[in-house]
Each structure stands twice: as C-alpha cells, then as structure tokens.
Amino acid sequence: MENLFNILTGPCLYIAMAVFTIGLIGRFVLYFLGLDWKLDRVAYKAHMGQGLKGGVHSALKWLVPFATHGWRSQPLAAIGFFLLHIGVVLVPIFLLGHNVILQQRLGFSLPTLPQGVADALTILSLVGLAIMLLRRLLLPNVRILTTGQDYFLIVLVLIPLVTGFLAVQGFGDYKALMLCHIISGEVLLVLAPFTKLSHIALYFASRMQIGMDYAIKRGGRTRESGAFFPW
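Here the sequence shown is numbered in my numbering, starting from 181 and rising by one per residue.
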C-alpha cells in the first residue's frame, strides 16, 4: 500500500500536473488563435491597450459575487457558483496536507489554511455543488442544456471533496479514503483540459474577449452613461 501511495504522489502526480498545466495553457492559446482575423484580432491589435483594460475589467468584475447584472439576475446560480468555487480553488492550493506533498516532491510549499477553515470551505463547496446539481435537475431551461458529461463532472468533483473531508475527520478507512481521494483528484487534473472543466482557463479567455469587444468595438469606454460596460 505504501508503494502505491508513493507512486500516486510521485510519478502519477507529476504526469497529472503536467497534463493539467500544459493542457490548459494550450486551450487558452488556441482560443485566441481561433478568433477570426478580420472580425476580432485586427480590432484588438489596433487598440490593444484599451482592449486589455476592458478585458481585465470584465474578467475581474465577474469574479465578484453579484457585481454584475448577470449574477444578480440569477441569484441561485451565483450563490452555488461562488460557494463551490471558493472551496475548490482555495482548499486544494492551500491545504496543509497538499503542501506537505508539494514540499516533499517539488521542494516548495505555499501558505496553508487552518484546518478548521479548510473544513468549513469544503462544506460550503459541497453546499454549492448541491445547489448547482439541483438547479440542473429542477430548472427546465438549465436541464435541457445539461448533458451526461455535466453530471459526470459533478460526481468527479464531489469524490475528492467528500473522501478528503471524511479522511481528515476520521470517518471510515483512512487509507482507502485517501487512495480514492488521490486517484480521483489526479483523474480530475488529467481530464480538466479535455472537458468542460477547461473553463478554469477558458473563463478568462472568453471574458477577456467579451471585455475587449465592449471596450473597442462597442464603445464601452465612451458611453454617455459613464458606465464601463452595460453589465
């Protein structure tokens, strides 16, 4: 069992992180390379400074809960989204146990969260995931757009959250839970660039593009209302 854990937190971890990082960078670059030259990239190139300001503004604005008309018009989606993503971003990066592995395998570590805070964020993430799932099941306009991949990804995100939490809290077989936690986490990393989880990177690409559109081609910075964007 110990040898299996060493393999999973050694070579398998390196491979998973490499696929995750290189894959998402590739998706980000390919997104912009795929834009139409005449409709998009010519305008962006001619007004790059103004466009980048608009793009950054757009990306950051949508990361603030209820800061946009889009979030305010869908309060349930906003609550579920932020509860889920705050936990699944902060906990994996700043969890003490993960940083111990980083220090052992890669020679560096990051600041860590107190265990109580990490536990609370995990619970909030599970609440957010439940809201997102119920929204897909109960709202007809969302359900009709939901595919099997969406439900698969919800389960894939759920497994490492639940198994990691249960292992830390001392429920069940610790080694079995940690084995499931590590495997599911690494599968998630490997699949991210090839599934809808690629929004980890493509969110910033698409919001940058939309922000640049409004800043350059739709006069976002020169509106008489003084608003930077209509959202």
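For glycine and all other residues, C-beta sits at the position ideal for the given N, C-alpha and C.
Sort the options by Cα distance to residue i and report the nearest one.
i	options	result
Pro373	Gly206, Asp216, Glu182	Gly206
Pro291	Asp353, Val280, Leu301	Val280
Val315	Leu204, Phe261, Asp353	Correcting the residue type first, residue 315 is Arg in the shown sequence and not Val. Among Leu204, Phe261, Asp353, the Cα nearest to that of Arg315 belongs to Phe261.
Asp393	Gly296, Thr343, Gly229	Gly229
Leu317	Asp330, Ala381, Leu306, Ser305	Asp330
Phe185	Ala395, His361, Ile380, His379	His361
Phe208	Tyr383, Leu359, Ala395	Tyr383
Leu377	Gly203, Gly234, Val244	Gly203
Ala298	Ala198, Gly267, Phe332	Gly267
Leu256	Thr326, Leu313, Gly344, Arg285	Leu313
Arg285	Pro191, Phe332, Thr248	Pro191
Ala381	Tyr211, Ile195, Asn183	Tyr211
Can you tell me whether residue i sits near the ligand NAD, meaning its C-beta is under 7 angstroms from at least one heavy atom of the ligand?
i	result
Phe185	No copy of the ligand NAD appears in this structure; indeed no ligand is present at all.
Measure the CB-CB distance between residue i and residue j and report whether it falls below 8 angstroms.
i	j	result
Leu293	Leu270	yes
Ile334	Ser364	no
Met179	Lys355	With the chain represented from 181 up to 411, any question about residue 179 goes unanswered, as that position is not in the structure.
Thr302	Leu341	yes
Val337	Leu368	yes
Pro272	His265	no
Phe200	Val322	no
Ser253	Arg387	no
Leu282	Phe274	no
Gly308	Leu263	yes
Ala385	Lys233	no
Ile259	Ile311	yes
Glu366	Leu193	yes
Gly250	Gly391	no
Is residue i helix, strand or coil by DSSP?
i	result
Gly352	coil
His227	coil
Gln254	coil
Thr302	helix
Ile312	The displayed chain sequence assigns Met, not Ile, to residue 312. In the structure shown, Met312 sits in a helix (DSSP, three-state: H, G or I).
Trp242	coil
Gly287	coil
Met358	helix
Pro294	coil
Trp411	Since pLDDT at Trp411 reaches only 48, below the 50 mark, its modelled position is unreliable, and no value is offered.
Thr143	Any question about residue 143 goes unanswered here, given that the chain covers just 181 to 411.
Thr327	coil
Thr343	helix
Ala247	coil
Ala395	helix
Specify, as a first and last residue, the run of the alpha helix (DSSP H) that residue i falls within.
i	result
Tyr194	191–213
Ile386	The amino acid at residue 386 is misidentified as Ile; the sequence shows Ser. From DSSP, the alpha helix (DSSP H) with Ser386 extends over 379–392.
Leu319	Neither: Leu319 is in no alpha helix (DSSP H) and is coded neither H nor E.
Leu188	182–188
For chain C, find out if any of its Cβ atoms is closer than 8 angstroms to the Cβ of residue i; answer yes or no.
i	result
Ala239	The structure shown contains no chain C; it is built from a single protein chain.
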